[in-house]
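Novice: Here the sequence shown is numbered in this note's numbering, starting from 1 and rising by one per residue.
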Amino acid sequence: MVDPNLVTFVLTIVNILVLFYLLKRFLFKPIGEFMENRKNEIKQNLEDAEKERQEAEKLKEQYYEKLRGAKSEAQEIIQQARQREEEIIKEAKQEAKQEADDMIARAREEINQEQKKAIESLRSEVSDLTIQITERVLNDTIDKDQQKKLVQKYLKEVGRVS
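1) Quick check on Asp3: does DSSP put it in helix, strand or coil?
2) Can you give me the C-alpha to C-alpha distance between Lys117 and Glu157, rounded to a whole angstrom?
3) Give the single residue among Asp48, Lys144, Leu150 and Ala96 whose Cα lies nearest to the Cα of Gln132.
4) Excluding the 5 residues flanking Val7 on each side, which residues of the same chain have their C-beta closer than 8 Å to its C-beta?
5) Could you tell me the distance, in whole angstroms, from the CA atom of Leu59 to the CA atom of Lys51?
6) How many Å lie between Pro30 and Ile16 at the Cα?
7) Tell me the start and end of each unbroken beta strand (DSSP E) in the stretch 95 to 132 that is at least 3 residues and wholly inside, in chain order.
8) Which runs of the alpha helix (DSSP H) spanning at least 4 residues fall entirely within the stretch 4 to 76, listed in chain order?
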């Protein structure tokens, strides 16, 4: 008779072999294929990433080149703007000076005209006052003291008017 431990042992070995075969066929093989596919996918992703990194490096270099060109162009534009600013300021100063000179000349001309008008007006008033004084003196028959007072009074009036 066969020993029950031996039968159990053999059946356990057979079970392990069947389990190993089933695991290998249904679990290890798909997992191996999955792992191989995943490895290939990762490898492809790494290659793609390297290509993209190299392309990004090229783009970065192009960007920096354009940036250097833009900075140079910006400096040139700034320099031109400063020159134009100086020209505009110079022109504005010249225009302002010319306008001020013109205003001063016009003001002087107006002052001269007003002065001439004032002198003419003063002359007219003095002659009118002289005529009035003469008329009063001739109309009034007064003594010498009154004449002196009257002349002084009229002179004071003339002094206030002028």
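The beta carbon of each residue, even a glycine, is placed where N, CA and C say it ideally should be.
Specialist: Once the coordinates are examined:
1) coil
2) 21 Å
3) Leu150
4) none
5) 12 Å
6) 20 Å
7) none
8) 4 to 22
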